[in-house]
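This note's numbering puts the sequence shown at residues 2 to 60. Below is one structure, written out as structure tokens, with a few remarks after it.
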Amino acid sequence: MKNNLLEILACPICKGELFYDSTNQELICKFDRVAYPVIDDIPVMLESRARRLSLDEEK
Numbered sequence: 002m003k004n005n006l007l008e009i010l011a012c013p014i015c016k017g018e019l020f021y022d023s024t025n026q027e028l029i030c031k032f033d034r035v036a037y038p039v040i041d042d043i044p045v046m047l048e049s050r051a052r053r054l055s056l057d058e059e060k
């Protein structure tokens, strides 16, 4: 994921900062504890497609 794209993207729920997890190809919102998938280098920023993070996944 390109850094300049990551700088302008925000969580659609809280409008907060996102962190890229290259291992799992996901954008993480630590505040809402959700992960948005990145498919073919395209972030899928839909709340319905987000995955809830478990407590042990918090970084």
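Don't be surprised by glycine CBs; every beta carbon is placed ideally from N, CA and C.
Taking all protein chains shown into account, decide if residue i is buried (16 or more other Cβ within 10 angstroms of its Cβ) or exposed.
| i | result |
| --- | --- |
| Leu28 | buried |
| Cys15 | exposed |
| Leu19 | buried |
| Val45 | exposed |
Where do the ends of the alpha helix (DSSP H) carrying residue i lie?
| i | result |
| --- | --- |
| Ile29 | Per DSSP, Ile29 belongs to no alpha helix (DSSP H); it is in the beta strand (DSSP E), Glu27 to Cys30. |
| Leu6 | Asn4 to Ile9 |
Could you give the first and the last residue of the continuous beta strand (DSSP E) run that contains residue i?
| i | result |
| --- | --- |
| Ile40 | Val35 to Ile40 |
| Asp22 | Phe20 to Asp22 |
What number of angstroms, rounded off, separates the C-alpha of residue i from the C-alpha of residue j?
| i | j | result |
| --- | --- | --- |
| Arg53 | Asp33 | 8 angstroms |
| Cys30 | Val39 | 13 angstroms |
Assuming residue i and residue j make a contact with CB atoms under 8 angstroms, what is their CB distance in whole Å?
| i | j | result |
| --- | --- | --- |
| Pro13 | Glu48 | 6 angstroms |
Looking at chain B, is there any beta carbon in it that lies within less than 8 angstroms of the beta carbon of residue i?
| i | result |
| --- | --- |
| Ala11 | Among the chains of the structure shown, chain B does not appear; only one protein chain is present. |
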